[in-house]
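Quick note on numbering: the sequence shown equals residues 19 to 320 in my numbering.
Accompanying notes for the structure given below.
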Amino acid sequence: MKIAPSSFTNQPCLIDGKAAAQEVVAAVKAAVEQEGLRPGLAVILVGDDPASAVYVRNKSRRAEECGFLSQQFSLPADTREEALLQLIARLNGDPAVHGILVQLPLPGHIDAHKVIQAIDPRKDVDGFHYENVGHLATGGLTEALVPCTPLGALFLIKQVLGESLRGLHAVVIGRSNIVGKPMASLLLQHDCTVTIVHSRTLSPEAVCRQADIVVAAVGVPGLVKADWVKPGAVVIDVGINRIDQPGGDTRLVGDVDFDGVKTVASAITPVPGGVGPMTIAMLMQNTLNAARRSRIQQATAG
Ligand code: GUN
């Protein structure tokens with residue numbers, strides 16, 4: 019479904035990530051039934067970080083909802099790196115498992131890079147393995163498994179602007195391996211002119227003001243203010259920051275000053291309820307794709 023951006027006079031289009039995620043999950047579920055597939059997703063959590071535990075539980079639940087074989091491995095915080103690598107090797111060799119996700123961050127004594135590179139790239143549904151990073155960077159989108167959050171953000175951008183983003187200026191704020199860099203690659207693949215703004219950029223607000231599309235992914239609450247945004251721009255807020263409230267409560271806010279920017283943007287994602295739900299939906303999509311590719315590979319090998 020494409021939604022039209024409103025005129026930018028005080029009536030921005032609020033991009034509903036929850037509804038879009040439901041749409042993606044429903045399509046995945048329907049494909050699983052129609053194609054007679056049983057995608058398998060293994061999610062590994064090491065340690066007892068409460069936020070990670072919630073994310074992992076949500077991923078496993080969503081996988082079950084999609085009709086996947088969903089396995090969750092919860093390992094103690096003092097798990098040895100070698101034991102984690104052995105589990106990954108076992109899952110790499112299990113034909114019922116098409117996707118393996120190790121929730122990050124990992125405890126400090128475990129080398130996250132080594133762990134991620136140990137995952138079979140065909141099962142790397144996070145899209146973090148160098149092989150997938152390389153495919154994305156060189157334009158091999160059909161071979162790549164692409165990181166879920168940028169995929170979700172792109173889905174929302176296309177809902178507003180349509181399939182063609184040709185010639186639009188996109189400014190990505192943040193240069194992380196999980197969001198900023200793959201987001202920039204994806205937008206480049208879609209013929210945008212792409213600028214990455216980061217902590218050492220001179221006059222980030224002036225660069226950002228040139229953008230038709232702004233994607234903020236830095237983890238700085240309310241960084242992007244109304245005067246950073248060109249009237250009519252589409253603003254995607256990837257930030258999820260928990261901030262303290264008076265009285266001891268906490269609240270989730272994004273990297274965008276929502277109340278200010280909504281008066282300038284033509285379309286904007288809220289936090290929560292914007293990009294967040296899309297990440298898990300795209301994980302389901304990636305796992306389905308991995309299962310499809312595995313079936314094709316088995317058919318051609320046999
Ligand atoms: N921790 C925060 N975001 C992510 C993600 O997208 N994938 C994994 N594996 N861990 C995360």
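We put the CB at the ideal spot given by N, CA and C, even for glycine.
Chain-order list of residues whose beta-carbon lies under 6 Å from that of residue i (same chain, five-residue window excluded)
i: Val238; result: Asp273
i: Ser312; result: His116
i: Gly324; result: Residue 324 falls outside the range modelled here, since the chain spans only 19 to 320, and no answer is possible.
i: Thr97; result: Val64
i: Val120; result: Ile62, Val133
Spatial distance of residue i from residue j (CA atoms)
i: Lys248; j: Val215; result: 16 Å
i: Ser88; j: Glu82; result: 6 Å
i: Leu270; j: Gly157; result: 35 Å
i: Gly152; j: Ala188; result: 21 Å
i: Ala101; j: Leu93; result: 10 Å
i: Asp245; j: Ile254; result: 16 Å
i: Asn195; j: Gln228; result: 24 Å
i: Glu161; j: Thr167; result: 18 Å
i: Gly85; j: Gln29; result: 39 Å
i: His42; j: Gln303; result: For the record, residue 42 in the displayed sequence is Val; it is not His. Cα to Cα, Val42 sits roughly 8 Å from Gln303.
i: Asn259; j: Ala49; result: 34 Å
i: Asp267; j: Leu105; result: 39 Å
i: Asp112; j: Gln135; result: 17 Å
i: Leu163; j: Ala71; result: 24 Å
i: Gly180; j: Asp275; result: 25 Å
i: Ser203; j: Thr211; result: 11 Å
i: Ala319; j: Glu51; result: 24 Å
i: Arg108; j: Val289; result: 38 Å
Residue j beta carbon less than 9 Å from that of residue i
i: Ala130; j: Leu122; result: yes
i: Asp144; j: Pro125; result: no
i: Leu59; j: Leu220; result: no
i: Ser217; j: Val236; result: yes
i: Ala171; j: Val293; result: yes
i: Gly250; j: Ala283; result: yes
i: Pro57; j: Thr305; result: yes
i: Asn110; j: Lys132; result: no
i: Thr213; j: Val197; result: no
i: Leu159; j: Gly35; result: no
i: Arg75; j: Gln90; result: yes
i: Leu206; j: Val233; result: no
i: Pro222; j: Leu154; result: no
CA nearest to the CA of residue i, picked from the options
i: Ile308; options: Ile118, Thr281, Gly291; result: For the record, residue 308 in the displayed sequence is Ala; it is not Ile. Taking only the C-alpha atoms, the option nearest Ala308 is Ile118.
i: Thr281; options: Ile314, Gly291, Lys243; result: Lys243
i: Lys176; options: Asp230, Pro139, Ala136; result: Asp230
i: Ile137; options: Ile128, His127, Leu154, Leu103; result: Leu103
i: Glu99; options: Val50, Ile62, Pro200; result: Ile62
i: Asp277; options: Gly192, Leu241, Val178, Leu179; result: Leu241
i: Ala95; options: Gln316, Ile128, Ala319, Asn150; result: Ile128
i: Ala37; options: Ala107, Ser78, Ala69, Gly291; result: Gly291
i: Ile33; options: Gln316, Val252, Val120, Gly265; result: Val252
N-terminal and C-terminal residue of the alpha helix (DSSP H) that residue i is part of
i: Gln29; result: Counting along the chain, Gln29 falls outside any alpha helix (DSSP H), and DSSP gives it neither H nor E.
i: Leu204; result: 198-207
i: Phe173; result: 166-179
i: Leu103; result: 99-110
i: Asn259; result: No alpha helix (DSSP H) holds Asn259; the beta strand (DSSP E) holding it covers 259-262.
i: Gln315; result: 293-319
Contacts around residue i, its chain only, beta-carbon distance under 8 Å, and the 5 residues preceding and following it disregarded
i: Arg310; result: Glu53, Leu55
i: Ala39; result: Gly170, Pro295, Met296, Ile298, Ala299
Start and end residues, beta strand (DSSP E) containing residue i
i: Thr281; result: Counting along the chain, Thr281 falls outside any beta strand (DSSP E), and DSSP gives it neither H nor E.
i: His375; result: Residue 375 falls outside the range modelled here, since the chain spans only 19 to 320, and no answer is possible.
i: Val143; result: Segment: none, Val143 is in no beta strand (DSSP E) and carries neither H nor E.
i: Ala234; result: 231-234
i: Ile134; result: Element bounds for Ile134: not the beta strand (DSSP E) but the alpha helix (DSSP H), 130-136.
i: Val225; result: Run containing Val225: none in the beta strand (DSSP E); it sits in the alpha helix (DSSP H), 222-226.
Beta-carbon proximity list for residue i, same chain, < 7 Å, skipping 5 on both sides
i: Asp209; result: Leu183, Arg184, Gly185
i: Gln263; result: Arg269
i: Val46; result: Cys84, Met302, Gln303, Leu306
i: Pro139; result: His147, Glu149, Asn150
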